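Residue numbers (our numbering): 339 to 470.
Ideal Cβ placement from N, Cα and C applies to all residues, glycine included.
These numbers were taken from a predicted model, which means no experiment stands behind them.
See the structure below:
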């Protein structure tokens with residue numbers, strides 16, 4: 339049983355651990371009011387090699403609400419942001435528990451859905467960051 343955020347982050351970052359253990363760490367983080375450090379780890383995890391881990395990280399970020407908006411936009415604004423990161427951010431924004439986040443990020447959500455989403459999403463993320 340996970341006893342602390344530090345333990346959950348360590349477990350999540352250990353890519354040699356079983357996916358079930360890492361998902362349990364993600365759920366612990368989401369259920370225990372993730373702070374900026376934990377949100378940063380979840381955003382990084384959107385680029386994980388395991389599809390289930392990526393999906394769980396996106397779901398956890400969706401539960402973080404407004405606190406996760408800027409770090410997710412920053413990840414998409416980076417040149418060369420991976421398809422996996424963009425898909426995870428899209429999932430987290432579309433399923434966000436905070437309707438204000440969905441409204442604020444509407445242009446980014448739309449850019450993440452369209453063709454050529456790498457450039458369009460990067461531009462939308464940069465624009466969003468200018469408003470935050």
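Compute the Euclidean distance between the alpha carbons of residue i and residue j, then round it to the nearest angstrom.
{"i": "residue 344", "j": "residue 375", "result": "10 Å"}
{"i": "residue 384", "j": "residue 341", "result": "24 Å"}
{"i": "residue 453", "j": "residue 382", "result": "24 Å"}
{"i": "residue 409", "j": "residue 373", "result": "12 Å"}
{"i": "residue 417", "j": "residue 391", "result": "23 Å"}
{"i": "residue 440", "j": "residue 448", "result": "11 Å"}
Between residue i and residue j, is the Cβ-Cβ spacing less than 8 Å?
{"i": "residue 400", "j": "residue 466", "result": "no"}
{"i": "residue 463", "j": "residue 421", "result": "no"}
{"i": "residue 396", "j": "residue 426", "result": "yes"}
{"i": "residue 407", "j": "residue 378", "result": "no"}
{"i": "residue 446", "j": "residue 470", "result": "no"}
{"i": "residue 434", "j": "residue 468", "result": "no"}
Grouping DSSP H, G and I as helix and E and B as strand, with all else coil, what is residue i?
{"i": "residue 417", "result": "coil"}
{"i": "residue 342", "result": "coil"}
{"i": "residue 409", "result": "helix"}
{"i": "residue 453", "result": "coil"}
{"i": "residue 396", "result": "helix"}
{"i": "residue 350", "result": "helix"}
{"i": "residue 379", "result": "helix"}
{"i": "residue 470", "result": "coil"}
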